Amino acid sequence: PPFVRREEYRPPEWLVPEIALDFDLGAERTQVRATLTVARNGDHAAPLKLDGEALKLISLTVDGAEADYNHEADELTVPIAGDRAVVETLVEIAPAANTQLMGLYESGGILCTQCEAEGFRRITFLPDRPDVLSRYRVKMTADKARYPVLLANGDPVGAGDLADGRHWAEWHDPFPKPSYLFALVAGDLVANRDSFATRSGKTVDLGIWVRDGDVERTRHAMAALKASMAWDEKVYGREYDLAVFNIVAVADFNFGAMENKGLNIFNSRYILADPDTATDADYDAVAGVVAHEYFHNWSGNRVTCRDWFQLSLKEGFTVFRDQQFSADQGSAAVKRIEDVRALRAAQFPEDSGPLAHPIRPESYIEISNFYTATIYNKGAEVIRMLHTILGPEKFRAGTDLYFDRHDGEAATCEDFVKAMEDAGGTDLALFRRWYSQAGTPRVRASLTHDAGAGRAHLTLAQQVPPTPGQPVKQPMPIPLKIALFGERSGDKLADRLVLLEGDEQEIVLDGVGERPVLSINRDFSAPVVVEAERSAADLAFLSANDDNPFARYEAMQQLMLDTLIAAAAGQTPDHRPVIEAVEQTLTNTDLDPAFVAEAVLLPSEAFVGDQMLVVDPEAIHRAREALRADLGTELEGLWRSAYSAHAANRFEYSPPAKGARRLRTVSLGYIAASGASDAPQMAKRQFDNADNMTDRQGALGILVNSDAPERAAALSAFYDRYRADGLVLDKWFAVQALSTRPDTPDAVAALAEHVDFTLANPNRLRALVGSFSVNQRAFHRANGQGYRFLADMILSVDKLNPQTAAKLVPALGRWRRFDEDRAEKMKGELQRIVATLGLSKDVFEQASKSLA
Ligand code: B3K
Ligand code: ZN
């Protein structure tokens, strides 16, 4: 399959200012009549070319008359004599047979669409590219009993009944938009309705549409939607622009949600939440995704992307916006910790592996493969660095200028940086390298102290590692928030933002009389790896004294990490410094329990692995379990008091209540790690008595690692209670796939045969197979059964849903990081995949690049 290259971008030859779509909807068969007003763009004689995939073309006319055309592969070529014409096509599609979940498909009896990136061409013929913006009129006709609700983008303009039990509805969207933002929904749905008054006094009718019986579970999403609307007005000056905003939840969805203009379509896991079925983390994710999709109305829809290489223009920026929003709703420190943890878990490995790419890639085979942690999360970190470098006022002036300049346009990453540069009065020439270079920069920091002169010297050196296609890198501007603390006094002796621009830089800090301890990359001000030689004592000092909560967490993590890496490498490091630092944090009553819970958690096995030249999954597991057991035993009394101090009360979703629940379950985990004989009963009691899913799932997540009889009892009680609820049943699969028990690979294989397992539902697949693939010890069992299992799954899913299958490939692509035996086995599975006949280009791209 061919590569698409960024440098080959050319403006569209034909524009399509107006589109009228007339759908005759049915699950087995849908007819789409499309009327395109096309206009020649520029001085050329090229014919009109339309994209279309898996469409049955029934008829085509140009200006009302039968016309010549050429239909080959996925392209329809229509010669047009003049500069303007009306082209009408009639096509037939089969939504119920659409297992790819791209285009128009059926989910639980609901007809819905997913067009980004290139799904529209599976609905009808069109130049399916984001720089062709059209005004849409959409008419839908369907059986009224089966599809009583008919929704599309924009505003409803008419509806009526027909004689034969059918009905119709028509919607107009006044805002020109690219085809990827088109949406329609037809189904038997009910709405949670509300309204929002914008700051200029317009009323917006809000609706969250779900299946009958689920309305009560949409309250949290609705509150988050209204909070997002108010927040975007306040923080970015952005107001909503239509009279209607609808959200629809469906059970079968390839990713989280989709920002279609005025009609967002969501994976139901990011809409439905109530205390009995959703954890606090689920509640947070619902609010975060609702906000993210809402924010796209400006960063994505009003200003869209010129081509798919600019994807991070809307995604990085919108992730940054949703992160800011969530930080404002609760603990900003905990939110930052979670975001950095996610970046390190997903993006850092990507950036150091065979699929590394810059946030603005240069080429792709299949664009669906580029909805990555790099585009999204590193993209957000790049925007955050602009915010840090410019400061909040200039950053806001920059976004205002960007929205003003490009409203109604399809823009580029360069347009965004230029607006920041112009509004901020700052030269960002070097900063642009963050858009073109892949790889996580490494920064070495060394501090020397001259007590006599009362001066400290900080030397910073950066190095950007080679990545595929980019053997040599230029240095990048790296904003580092740093501080020095006096070891004796605990005073803050210096606090500043350093911009490291070249390969190396020296900073002189005066007024440093006593021995200083270095705090660096505070708030994680840059997405880099810092190597600073700091002793266990210095790290423990920072974990207790730094006034930047993120830096405090980071110091503790580094202390734990150093200990675990040494142990995994066969040394016998002293556990005391970690135990004492955890004890200090746990007994510091000034700290927010939500923060404490995050700070005392050990880094994941996978993250420890990422720091090692050759990952030894078993050694890492043993090292981590040993440290956990020591922490549990040595501090057992403290864990028990934390457990009872944060005893469950009646459920409430508030930051303090969430923090208490989190620390309670973290404490229970350490009590279990201590080997205390009553731990399984304690966990079972929490499981049985919980009035919310956070406590229930928390207890189950602990029991699932044990051999106690309570384990099986809890698993089967959970299954019996929730087997009819797809989203909760996903948790039952996931929790078992994440178990640390040695028999997990066999358990997962058995679960893949379970009656409730299906390859057709992406959530279920991710719950079992996706979770298993990040369970480092289980997935990397030395006999290779995990690799074989995953490859089998990828090949089976690929036949139904290539996009979702391809997301499972990167786990096998980490082979270079493992011992020869494992690496050979992983490579063998990738080779088997690549050699498979009829492979999708999605999986081919990921697997072939992973072998290279
Ligand atoms: N823009 C969509 C993602 C589309 C993914 C297509 N493979 C959701 C989001 O990022 O908000
Ligand atoms: Zn997005």
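Each residue of the sequence shown is one higher than the last, beginning at 12 in the UniProt record's numbering.
Positions of the beta carbon are idealized from the N, C-alpha and C atoms, including for glycine.
Everything numeric in this text was worked out from a predicted model, so none of it was measured.
Checklist entry - Using DSSP with H/G/I as helix, E/B as strand and the rest coil, what is Gln-321? => result Residue 321 sits at position 310 when you count from the first residue of the sequence shown. In the three-state DSSP reduction, Gln-321 falls in the helix class (H, G or I).
Next on the checklist: I'd like to confirm the pairing. Which residues does DSSP put opposite Ser-717 in its beta bridges?
Outcome noted: As a first step, residue 717 must be located in the sequence shown, where it is residue number 706. Looking at the DSSP assignment, Ser-717 forms no beta bridge with any residue, so it has no partner.
Item to check | By C-beta, the residues closer than 5 Å to any heavy atom of the ligand ZN, given in chain order | outcome: Every residue with a CB closer than 5 Å to a heavy atom of the ligand ZN is listed here in chain order: Glu-326 and Thr-329.
Checklist entry - What are the complete alpha helix (DSSP H) segments, minimum 4 residues, inside the segment 741–821? => result 755–762, 773–776, 782–785, 787–790, 796–811 and 813–817
Checklist entry - Where does Leu-322 land, buried or exposed, given buried means 16+ other C-beta within 10 angstroms? => result Along the sequence shown, read from residue 1 onward, the residue named residue 322 stands at position 311. Classification for Leu-322: buried.
Next on the checklist: Quick check on Tyr-305: does DSSP put it in helix, strand or coil?
Outcome noted: The residue labelled residue 305 in the question sits at position 294 within the sequence shown. The answer is helix: DSSP assigns Tyr-305 an H, G or I state.
Checklist entry - Roughly how many angstroms separate the alpha carbons of Gln-569 and Leu-550, rounded to a whole number? => result Here the question's residue 569 lines up with position 558 in the sequence shown. Here the question's residue 550 lines up with position 539 in the sequence shown. Gln-569 and Leu-550: Cα-Cα distance of roughly 7 Å.
Checklist entry - Which residue or residues does DSSP assign as beta-bridge partners of Asn-203? => result Here residue 203 is taken as the residue at index 192 of the sequence shown, counted from 1. The partner list for Asn-203 (beta bridge, DSSP) reads Ile-219.
Checklist entry - Between Val-519 and Arg-466, is the Cβ-Cβ spacing less than 8 Å? => result Within the sequence shown, numbered from 1, the residue matching residue 519 stands at position 508. Within the sequence shown, numbered from 1, the residue matching residue 466 stands at position 455. Cβ atoms of Val-519 and Arg-466: closer than 8 Å.
Checklist entry - Can you list, in chain order, the residues of its chain whose CB lies under 8 Å from that of Ala-802, leaving out five sequence neighbours each side? => result Taking the first residue of the sequence shown as 1, we reach residue 802 at position 791. Excluding residues within five positions, the ones whose Cβ falls inside 8 Å are Leu-823, Glu-840, Leu-841, Arg-843 and Ile-844.
Checklist entry - Helix, strand or coil: how does DSSP classify Ser-546 here? => result As a working note, residue 546 is residue 535 in the sequence shown. Here Ser-546 sits in coil by DSSP.
Item to check | Cα-Cα separation, Thr-676 to Leu-354 | outcome: Residue mapping note: residue 676 aligns to position 665 of the sequence shown, counting from 1. Residue mapping note: residue 354 aligns to position 343 of the sequence shown, counting from 1. The alpha-carbon atoms of Thr-676 and Leu-354 are separated by roughly 24 Å.
Checklist entry - Cβ-heavy atom distance between Met-693 and the ligand B3K below 7 Å? => result Along the sequence shown, read from residue 1 onward, the residue named residue 693 stands at position 682. No; taking the cut-off as 7 Å, the Cβ of Met-693 has no heavy atom of the ligand B3K nearer than that.
Checklist entry - According to the Cβ coordinates, are Leu-122 and Leu-115 closer than 8 Å? => result Taking the sequence shown and counting its residues from 1, the one referred to as residue 122 is at position 111. Taking the sequence shown and counting its residues from 1, the one referred to as residue 115 is at position 104. Going by C-beta atoms, Leu-122 is nearer than 8 Å to Leu-115.
Checklist entry - How long is the line joining the alpha carbons of Lys-346 and Ala-284, rounded to whole angstroms? => result One-based indexing of the sequence shown puts residue 346 at position 335. One-based indexing of the sequence shown puts residue 284 at position 273. Between the alpha carbons of Lys-346 and Ala-284 lies a gap of roughly 20 Å.
Item to check | Cross-strand partners of Pro-527 (DSSP beta bridge) | outcome: As a first step, residue 527 is located in the sequence shown; it is residue number 516 there, counting from the start. Note: Pro-527 sits in a beta bridge opposite Gly-497.
Item to check | Asn-52, DSSP secondary structure in three states | outcome: For the purposes of this step, residue 52 is taken as the residue at position 41 of the sequence shown. Here Asn-52 sits in coil by DSSP.
Checklist entry - In this structure, what does DSSP give as the bridge partners for Gly-198? => result One-based indexing of the sequence shown puts residue 198 at position 187. The partner list for Gly-198 (beta bridge, DSSP) reads Val-160.
Next on the checklist: Using a Cβ-Cβ cutoff of less than 8 Å, which residues in the same chain neighbour Arg-95 once the five nearest sequence positions on both sides are dropped?
Outcome noted: As a first step, residue 95 is located in the sequence shown; it is residue number 84 there, counting from the start. The answer, listed in chain order, is Thr-48, Val-49, Ala-50 and Arg-51.
Item to check | Buried or exposed (CB count within 10 angstroms, at least 16 for buried), Ala-57 | outcome: For the purposes of this step, residue 57 is taken as residue 46 along the sequence shown, with counting starting at 1. With fewer than 16 other Cβ atoms within 10 Å, it is exposed.
Checklist entry - So who's on the other strand from Asn-81, going by DSSP bridges? => result Here residue 81 refers to the residue found at position 70 of the sequence shown. In DSSP, Asn-81 forms a bridge with Thr-88.
Item to check | Validate contact between the segment 250–260 and the segment 298–317 using beta carbons, cut 8 Å, 3 pairs | outcome: yes
Next on the checklist: Can you tell me whether Leu-508 is buried or exposed? The criterion is at least 16 other CB atoms within 10 Å of its CB, across all chains shown.
Outcome noted: In the sequence shown, counting from the first residue as 1, residue 508 sits at position 497. Burial state of Leu-508 is exposed, judged by a 10 Å Cβ sphere holding fewer than 16 other Cβ atoms.
Next on the checklist: Can you list, in chain order, the residues of its chain with a C-beta nearer than 6 Å to that of Thr-100? Leave out the 5 residues immediately preceding and following it.
Outcome noted: Locating residue 100 in the sequence shown gives position 89, where the first residue counts as 1. Result list for Thr-100: Ala-45, Leu-71 and Phe-136, in chain order.
Checklist entry - At a cut of 8 Å, does the segment 151–163 reach the segment 82–89 through at least three beta carbon pairs? => result no
Next on the checklist: Helix, strand or coil for Thr-644? Go by DSSP, reduced to three states.
Outcome noted: Along the sequence shown, read from residue 1 onward, the residue named residue 644 stands at position 633. Helix at Thr-644.
Next on the checklist: Rounded to the nearest angstrom, what separates Glu-542 and Leu-469 at their Cα positions?
Outcome noted: Along the sequence shown, one-based indexing puts residue 542 at 531. Along the sequence shown, one-based indexing puts residue 469 at 458. Between Glu-542 and Leu-469, the C-alpha separation is close to 13 Å.
Item to check | Distance between Val-780 and Leu-26 (C-alpha atoms, nearest Å) | outcome: Taking the first residue of the sequence shown as position 1, residue 26 is located at position 15. Taking the first residue of the sequence shown as position 1, residue 780 is located at position 769. Distance between the alpha carbons of Leu-26 and Val-780 is about 43 Å.
Checklist entry - Start and end of the alpha helix (DSSP H) containing Val-589? => result Reading the sequence shown from its first residue, position 578 is the one you call residue 589. Segment 587–598, the alpha helix (DSSP H) holding Val-589.
Checklist entry - Excluding five sequence neighbours on each side, which residues of the same chain lie with their C-beta closer than 8 Å to the C-beta of Gln-708? => result On the sequence shown, position 697 is the one that residue 708 refers to. The answer, listed in chain order, is Thr-290, Lys-742 and Val-746.
Checklist entry - What did DSSP end up calling Lys-155 once you bin it into helix, strand or coil? => result As a first step, residue 155 is located in the sequence shown; it is residue number 144 there, counting from the start. Lys-155 falls in the coil class under three-state DSSP.
Checklist entry - Where does the unbroken alpha helix (DSSP H) through Ile-258 begin, and where does it stop? => result On the sequence shown, residue 258 is found 247 positions in, with the first residue counted as 1. In the DSSP assignment, Ile-258 falls outside any alpha helix (DSSP H) and within the unbroken beta strand (DSSP E) covering 255–261.
Item to check | Coil, strand or helix - Leu-137 by DSSP | outcome: Taking the first residue of the sequence shown as position 1, residue 137 is located at position 126. In the structure shown, Leu-137 sits in a strand (DSSP, three-state: E or B).
Checklist entry - Taking contact to mean at least 3 C-beta pairs separated by less than 8 Å, is the segment 262–269 in contact with the segment 323–333? => result no
Next on the checklist: Quick check on the burial criterion: 16 or more other C-beta atoms within 10 angstroms. Buried or exposed for Thr-214?
Outcome noted: Here residue 214 is taken as the residue at index 203 of the sequence shown, counted from 1. Classification of Thr-214: exposed, given that the 10 Å Cβ count is below 16.
Item to check | Beta-bridge pairing of Pro-167 - partner residues as DSSP gives them | outcome: If you number the sequence shown from 1, residue 167 lands on position 156. Looking at the DSSP assignment, Pro-167 forms a beta bridge with Trp-182.
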